[in-house]
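J.:
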Amino acid sequence: MKREVVITGDGSSTIHLPDWDEQYHSKHGAIQEAYHVFIKHGLHHIGHSEYNVKYDRQTDGTERVEISILEIGFGTGLNAFITLLEAENLDICANYHGVEGYPVHMDEIEQLNYPTELKCLDKTSLFKRLHEVSWDEKHAITSKFSLTKQQILFSEIEGQQVYHLIYFDAFGARVQPELWTEPIFQKMFDALKPSGVLVTYSAKGSVRRAMEAVGFRVERLPGPPGKREMLRATKGSETPST
Numbered sequence: 005m006k007r008e009v010v011i012t013g014d015g016s017s018t019i020h021l022p023d024w025d026e027q028y029h030s031k032h033g034a035i036q037e038a039y040h041v042f043i044k045h046g047l048h049h050i051g052h053s054e055y056n057v058k059y060d061r062q063t064d065g066t067e068r069v070e071i072s073i074l075e076i077g078f079g080t081g082l083n084a085f086i087t088l089l090e091a092e093n094l095d096i097c098a099n100y101h102g103v104e105g106y107p108v109h110m111d112e113i114e115q116l117n118y119p120t121e122l123k124c125l126d127k128t129s130l131f132k133r134l135h136e137v138s139w140d141e142k143h144a145i146t147s148k149f150s151l152t153k154q155q156i157l158f159s160e161i162e163g164q165q166v167y168h169l170i171y172f173d174a175f176g177a178r179v180q181p182e183l184w185t186e187p188i189f190q191k192m193f194d195a196l197k198p199s200g201v202l203v204t205y206s207a208k209g210s211v212r213r214a215m216e217a218v219g220f221r222v223e224r225l226p227g228p229p230g231k232r233e234m235l236r237a238t239k240g241s242e243t244p245s246t
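For what it's worth, our numbering labels the leading residue of the sequence shown as 5, then goes sequentially.
Below, the structure written as structure tokens:
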């Protein structure tokens, strides 16, 4: 399928699929959407919920916070890159697992302007490394961020109570409705730890109902620029996760 790099409303780039009239990120602003949906309402949210994260006591008596994150649709690596930057700012360790059925090519990655727009040109090599590291292996990108990438379909995801947080960033239901169904959200529910959280840019009623049908508690939240609402889903828990 043809892909082309385009500029979104906030000046950051994304990849456009002309045949589907679909983008990897919001046309109103790729970086704005990533921060609003996945960082503000995802990463920052669970960082304030003590039962959602793991605390490892270090030899010097300090505690290290570890958060396991699954991204559905690794794509351009924007969400992973911003999470890497935020892990440093928040002083947490992020164990990041990105799933992608159709990886973006390096010649396309070279055209993306995220380090420039995020004003962190000194981190450009880290952004490229996210894409250069091998698949199916865990890599320490920084002391605060590790990455495992898998080239599989979302329906092939396995794992029980592995993640604290899921970034659900699949292509929209208009073009890939099969990715927004009860069987997929059942896999997401199973993959989350108790009290784990899933965030997505979508606010469709059918998506909310599919989430609720598998057991999620779903909130409608203000959306990023260009969207009125988004969804955050929480897996119920009787006891805090560890």
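Just so you know, even glycine gets a beta-carbon here, dropped at the ideal spot from N, CA and C.
In or out: Gln165 buried (at least 16 other Cβ within 10 Å) or exposed?
T.: Exposed, because fewer than 16 other Cβ atoms sit within 10 Å of the Cβ of Gln165.
J.: With DSSP as the reference, identify every bridge partner of Ile170, one or two as the case may be.
T.: Its beta-bridge partners are Leu74 and Leu202.
J.: On the CB-based measure, 16 or more other CB atoms within 10 Å of its CB, does Thr63 come out buried or exposed?
T.: Residue confidence is low: Thr63 scores 46 on pLDDT, short of 50, so the model does not pin down where it sits. Its coordinate-derived value is still stated next. Per the 10 Å Cβ criterion, exposed.
J.: Taking the DSSP output, what are the residues bridged to Cys97?
T.: Answer by DSSP bridge pairing, in chain order: Glu70.
J.: So is Ser30 buried or exposed if we call it buried at 16+ other beta carbons inside 10 Å?
T.: Buried, because 16 or more other Cβ atoms sit within 10 Å of the Cβ of Ser30.
J.: Report buried or exposed for Ala38, applying the criterion of at least 16 other Cβ atoms within 10 angstroms of its Cβ.
T.: Classification for Ala38: buried.
J.: Smallest Cα separation from Gly250: which of Ala34, Arg7 and Glu136?
T.: What the structure shows of the chain is the stretch from 5 to 246, and residue 250 is not part of that stretch, so it cannot be assessed.
J.: Report yes if the CB atom of His168 is closer than 8 Å to the CB atom of Ile96, and no otherwise.
T.: No. Outside cutoff.
J.: Just verifying my parser: in three-state terms, what is the DSSP assignment at Met110?
T.: Of the three classes helix, strand and coil, the one that applies to Met110 here is helix, per DSSP.
J.: Rounded to a whole number of angstroms, what is the C-alpha to C-alpha distance between Ala91 and Asp194?
T.: If I take the Cα positions, the gap works out to 25 Å.
J.: Pull the bridge partners of Val103 from the DSSP assignment, please.
T.: Its beta-bridge partners are Ile76 and Gln154.
J.: Among Leu157, Ile43 and Glu182, which has the Cα closest to the Cα of Ala84?
T.: Answer by Cα proximity: Ile43.
J.: Around the C-beta of Gln36, are 16 or more other C-beta atoms found within 10 angstroms, so that it is buried, or is it exposed?
T.: Gln36 comes out buried.
J.: Using a Cβ-Cβ cutoff of less than 7 Å, which residues in the same chain neighbour Asp23 once the five nearest sequence positions on both sides are dropped?
T.: Counting only Cβ-Cβ distances below 7 Å, and skipping sequence neighbours, we find Met5 and Lys6.
J.: Taking the alpha-carbon positions, what's the Thr204 to Pro119 distance?
T.: Straight-line Cα distance between these residues: approximately 23 Å.
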